[in-house]
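Colleague:
There are 2 protein chains.
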Amino acid sequence: MSVLPGKYNVYLSAFEGMLEGYCAALSCPRGLAEGMSYSLLAGGKRLRPVLFFAALDVFGCDWERESELALALECIHTYSLIHDDLPAMDNDDLRRGKPSNHKMFGEGNAILAGDALLSEAFTLSVTAAKDEPHRRAAEILARAAGAEGMVAGQFSDLACERDDNAGERELAFIYENKTAQLIRAPLMMAAAIAGRDEAPMKEFGTVLGVLFQMTDDILDVKGESEKMGKTPGKDEEENKLTCVRVFGREGAERRADALASVCSNALAGMGIQTGFFEELVSYIRGRDR
Amino acid sequence: MSVLPGKYNVYLSAFEGMLEGYCAALSCPRGLAEGMSYSLLAGGKRLRPVLFFAALDVFGCDWERESELALALECIHTYSLIHDDLPAMDNDDLRRGKPSNHKMFGEGNAILAGDALLSEAFTLSVTAAKDEPHRRAAEILARAAGAEGMVAGQFSDLACERDDNAGERELAFIYENKTAQLIRAPLMMAAAIAGRDEAPMKEFGTVLGVLFQMTDDILDVKGESEKMGKTPGKDEEENKLTCVRVFGREGAERRADALASVCSNALAGMGIQTGFFEELVSYIRGRDR
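Which chain is which? The protein sequence lines are A and B, in order.
Counting in my numbering, the first sequence runs without a single skipped number right up to 516 at its last residue.
Counting in my numbering, the second sequence runs without a single skipped number right up to 516 at its last residue.
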């Protein structure tokens, strides 16, 4: 049984409050706001904003004042899920235990809800960028999300479904870009805002992100639909390039354990209070949903 | 015969040079860069960057130094065309005389090329936002593109295809948001960078944008596929809400003439050299492609 770090729920519930306020204030056409809010408010771990708040907190910053960039992070994550679930992409009918956005609102509206959320992240970020540390944080986020970041990862993920020669090298690229880019971004953004070195957070966040995606792929093999809130076993069905396809189930588990150790080592040299992050690594390695 | 303003090609060719350099430097996965460049380099009038440069020039700014925001404008326009052409949206096989992006690269890759271009606009904008005037310009762009701007317009456009009760009010909303938002944005961005009042440019740009979309819709009825580079007659086929559907062909032509006069009046009170913009209004009113 895997337990969340003690303070996780403090950050989480603060963020949920910000998100509810944000959704209530959306003043776009009602149907569009409904589609955006449906996916934003579908629950989830809020891992990216929580990582952002936790890192700001550890660096001694007033994390509760950084709602705009936290919301931008979640908008980008949510748009990526909406677009990934589309029939032309991963074709998933279920997300977080509910019908995916295009099953509820139709494909055209789901594409637009995703576009709107990415645009909102853009607006929130430039609104926040009123001094150089915040501008730099916004730039980290934009690059992590874009053509040389998350979108590159999703592009390769799609391409490798059709490529039986894809192996460890392609898998590393997908993990680092599709997932780790947006896991390390909030940690690096917090460092930028705090005026600290971004490099150690980049290193730790990359490994944490890869670990997170590995456990996700392992869960897809052993998972139960009710716990996961999405359809298990889909990766194999769609010939997804995952650690299980490349290393086998046991090999993947061994590599996840090794990565969890790499995470702990990266934290040890950082010279900050790392308790929250250590507990988070244990949680992620042991999670069952 | 409608003639472009004398300086149009100066701004246009400077921008084409910037765009070619930008595309050549894209360092994302090759297939993704190909999809992005295919649509970015498919030609087009480059109206939005040209408006941006022309307004900067009139305000006495060094317009050639503002490549980042000019590229961001064209990235947003191009992403919107790629997504609009998708089967789940306007389902158009032809764009600028060539197969649309999803016909060339597949739907999944086209969705991602659009996402990548919007993300690139985000990155380019926060990179440019190193002082408050440029940050404000980036914010104008982000809001114009987003859930309360262009995406809202496209959402309503889709909704009105299925709504035979939609009329003049809905049409005005679509024109203002789907098209005019991103036509007035470069004018307002230039004012922000120059430290001038944004309001007169907002007023002029809104009317110019509506005029541009009206002439586009009129062209769809009378146009020829070879000149337009897209399929004419599609609006009626798909029950699009256009000025022709609401006012009839002749009524639409009369309203376009009236709007061209409103544009000229808006320019007259602006206290700047408006020759370029006056010629542009005449060109847009008289264009046949």
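Don't be surprised by glycine CBs; every beta carbon is placed ideally from N, CA and C.
Model, not experiment: these values are computed from the prediction.
1. Compare the C-beta of Phe-503/B against all C-beta atoms of chain A and say whether one is closer than 8 Å.
2. Could you tell me whether the segment 319-334 of chain B touches the segment 349-366 of chain B, where touching means 3 or more Cβ pairs closer than 8 Å?
3. Check whether the segment 427-437 of chain B touches the segment 407-417 of chain B, taking contact to mean three or more Cβ pairs, one atom from each stretch, closer than 8 Å.
4. Per DSSP, what are the beta-bridge partners of Pro-326/A in this structure?
5. Below 8 Å on the Cβ atoms is my guess for Arg-512/A versus Leu-438/A; work out the distance and round it to an integer in Å.
6. Just verifying my parser: in three-state terms, what is the DSSP assignment at Glu-465/A?
7. When you compare the CB of Cys-250/A with every CB in chain B, is at least one pair closer than 8 Å?
8. Can you find a heavy atom of the ligand GTP that lies under 7 Å from the Cβ of Glu-293/B?
9. Determine, using beta carbons only, whether Cys-255/B comes closer than 8 Å to chain A.
10. Measure the Cβ-Cβ separation of His-234/A and Phe-503/A and say whether it is below 8 Å.
11. Using CA atoms only, rank isn't needed, just tell me which of Ser-266/A, Glu-295/A and Thr-442/A is closest to Asp-312/A.
12. Residues of the segment 328-344 of chain B with a CB closer than 9 Å to any CB of chain A: list them in chain order, please.
13. Closer than 8 Å by beta-carbon distance: list the chain A residues that pair up with Gly-258/B, in chain order.
14. Would you decide whether Ser-352/B is buried or exposed? Buried here means 16 or more other CB atoms lie within 10 Å of its CB.
15. Can you list the residues of chain B that Val-489/A reaches, using a CB-CB cut of under 7 Å?
16. May I have the straight-line CA-CA distance separating Gly-478/B from Asp-444/B, to the nearest angstrom?
17. Of all Cβ atoms in chain B, is any one closer than 8 Å to the Cβ of Ala-365/A?
18. Answer with yes or no whether the minimum CB distance from Thr-305/B to chain A is below 8 Å.
19. For chain B, is any of its Cβ atoms less than 8 Å away from the one on Phe-279/A?
20. Have a look at Arg-275/B and Leu-298/B and give me their C-alpha separation to the nearest angstrom.
21. Cβ of Leu-268/B less than 8 Å from any chain E Cβ?
22. Are the C-beta atoms of Phe-349/A and some chain B residue less than 8 Å apart?
23. Taking the CB atoms as reference points, tell me whether Met-331/B and Ala-374/A lie closer together than 8 Å.
24. What three-state label does DSSP hand Lys-429/B in the structure shown?
25. Does the beta carbon of Ser-264/B come closer than 8 Å to any beta carbon on chain A?
26. Locate the alpha helix (DSSP H) running through Arg-512/B, then write down its first and last residues.
27. Under 9 Å, CB to CB, which of the residues in the segment 405-429 of chain A have a partner in chain B?
28. For the putative contact between Gly-258/A and Phe-382/B, defined by C-beta atoms under 8 Å, what is the C-beta separation to the nearest angstrom?
29. Are Ala-493/A and Val-434/A touching if we call contact CB-CB under 8 Å?
30. Just mark Ser-240/A as buried or exposed, buried being the case when its beta carbon has 16 or more other beta carbons within 10 Å.
31. Just to confirm before moving on: does the CB-CB distance between Tyr-249/B and Phe-280/B stay below 8 Å?
32. Compare the C-beta of Thr-354/B with all C-beta atoms of chain A and state if any pair is closer than 8 Å.
33. Against chain B, with Cβ distances strictly below 8 Å, would Ser-240/A count as a contact?
34. Check whether chain B comes within 8 Å of Lys-467/A, counting only Cβ atoms and requiring the distance to be less than that.
35. Of the choices Glu-480/B, Met-245/B and Ala-487/B, whose alpha-carbon is the least far from that of Glu-291/B?
36. From the DSSP output, in three-state form, read off Val-230/B for me.
Modeller: Taking the definition as stated:
1. no
2. no
3. yes
4. Leu-321/A
5. 7 Å
6. coil
7. no
8. This structure lacks the ligand GTP, and indeed carries no ligand of any kind.
9. yes
10. Checking the displayed sequence, the identity of residue 234/A turns out to be Lys instead of His. Against a cut-off of 8 Å, the Cβ pair of Phe-503/A and Lys-234/A comes out as a contact.
11. Ser-266/A
12. His-329, Gly-333, Glu-334, Gly-335, Asn-336, Ala-337, Ile-338, Leu-339, Ala-340, Gly-341, Asp-342, Ala-343 and Leu-344
13. Phe-382 and Ala-386
14. buried
15. Correct list: empty, because the minimum Cβ distance to chain B is about 26 Å.
16. 13 Å
17. yes
18. no
19. no
20. 10 Å
21. Included in the structure are the protein chains A and B, with no chain E among them.
22. yes
23. no
24. helix
25. no
26. 502-513
27. none
28. 7 Å
29. yes
30. exposed
31. no
32. yes
33. no
34. no
35. Met-245/B
36. coil
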